[in-house]
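Participant:
See the structure below:
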């Protein structure tokens with residue numbers, strides 16, 4: 011499974027959607043169709059130890075948790091004070107009460123919805139406000155790793171910047187926004203996590219001109 015999204019709910023990681031590789035022997039495979047969109051939902055319980063070679067995933071795809079249709083390159087956030095709704099953003103906006111009812115559209119929508127897009131950078135603050143940044147519509151400004159800082163500011167790390175449809179997409183230089191002693195290569199497809207002490211951001215992986223991307227610690231005490 012690739013291009014899926016994941017959200018942490020208490021002591022569980024819930025995985026949503028993505029794409030599955032189509033077998034070479036499958037009659038539906040073609041040069042332009044190598045992956046199938048997935049509508050699966052499954053989770054991993056973190057309350058007990060397990061082997062990383064065979065994680066005990068629990069498949070929810072045969073329950074009401076199954077998505078209405080496949081989705082990849084979306085983003086998911088856990089919303090509301092009780093943390094009882096998963097919002098999936100990318101293309102359309104859906105929400106799902108974990109381990110409860112089926113996926114639904116938001117009923118009370120105000121204003122003009124933005125153009126449908128994928129690969130957005132989305133965060134939700136303590137007031138339940140969802141901030142959607144960038145993404146890919148006609149031009150690509152997505153693949154950014156967002157971090158909501160304790161101050162309420164949002165730090166966007168990496169990603170691509172494209173000015174016109176069909177033009178090459180340039181990687182954003184992360185060193186423009188960070189004061190540190192090492193150079194961090196521009197990248198996309200990476201992850202960024204704020205540590206519990208709110209003093210460091212751990213950046214892992216991604217795609218850049220490095221053959222084997224490594225992880226970095228970004229000190230953020232200056233924000």
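Residue numbers (my numbering): 11 to 233.
We treat Cβ as the ideally placed atom computed from N, Cα and C, and that holds for glycine.
1) Are there three or more Cβ pairs, one per stretch, closer than 8 Å when the region 127-140 is compared with the region 96-107?
2) Residue 85 lies in the beta strand (DSSP E); which residues open and close that run?
3) Please say whether residue 145 and residue 170 have beta carbons closer to each other than 8 Å?
4) Using only alpha-carbon positions, find the residue among 78, 35, 39 and 34 that is nearest to residue 26.
5) From the DSSP output, which residues share a beta bridge with residue 106?
6) Return yes when the Cβ of residue 164 is within less than 8 Å of the Cβ of residue 211, no when it is not.
7) Below 8 Å, can you find three or more Cβ-Cβ pairs linking the region 29-40 to the region 60-67?
8) Is the beta carbon of residue 106 sitting closer than 8 Å to the one on residue 75?
9) Based on Cα-Cα distance, which residue from 104, 84, 125 and 199 lies nearest to residue 214?
10) What residue from 104, 147 and 136 has the CA that sits closest to residue 161's CA?
11) Verify whether the separation of the beta carbon atoms of residue 86 and residue 149 is less than 8 Å.
12) Tell me whether residue 81 is buried or exposed, calling it buried when 16 or more other Cβ atoms sit within 10 Å of its Cβ.
13) For residue 120 and residue 57, I'd like the C-alpha separation in whole angstroms.
14) With C-beta atoms as the reference, is residue 17 less than 8 Å away from residue 88?
15) Considering only the alpha carbon of each residue, which of 208, 197 and 68 lies closest to residue 218?
16) With a floor of 4 residues, list each alpha helix (DSSP H) that falls wholly inside the region 14-83, ordered by position along the chain.
17) With respect to the beta strand (DSSP E) encompassing residue 131, which residues constitute its N-terminal and C-terminal limits?
18) Here's the rule: buried if 16 or more other CB atoms are within 10 angstroms of the residue's CB, otherwise exposed. What is residue 48?
19) Going by the beta-carbon positions, is the gap between residue 154 and residue 125 smaller than 8 Å?
Facilitator: Answer, in terms of the structure:
1) Counting Cβ pairs under 8 Å, three or more are found: they touch.
2) Segment 85-89, the beta strand (DSSP E) holding residue 85.
3) In this structure, residue 170 lies away from residue 145, with their beta-carbon atoms at least 8 Å apart.
4) Measuring C-alpha to C-alpha distances from residue 26 to each of 78, 35, 39 and 34 identifies 78 as the nearest.
5) According to DSSP, residue 106 bridges with 96.
6) Between residue 211 and residue 164, the gap from beta carbon to beta carbon reaches 8 Å or more.
7) The region 29-40 vs the region 60-67: no contact.
8) In this structure, residue 106 lies near residue 75, with their beta-carbon atoms less than 8 Å apart.
9) If we check each option's Cα against that of residue 214, 199 comes out closest.
10) When only C-alpha atoms are compared, the closest one is 136.
11) With a cutoff of 8 Å on beta-carbon distance, residue 86 and residue 149 are scored as not near each other.
12) Residue burial annotation: residue 81 is buried, with at least 16 other C-beta atoms found within 10 angstroms of its C-beta.
13) Approximately 39 Å, taken between the alpha carbons.
14) Inclusion of residue 17 and residue 88 in the CB contact set at 8 Å is warranted, their separation being smaller than that value.
15) For residue 218, the closest C-alpha among the options 208, 197 and 68 is that of 197.
16) Unbroken alpha helix (DSSP H) stretches of 4 residues or longer found wholly inside the region 14-83: none.
17) Residues 131-134.
18) That one is buried.
19) No, these two residues do not count as a Cβ contact at 8 Å.
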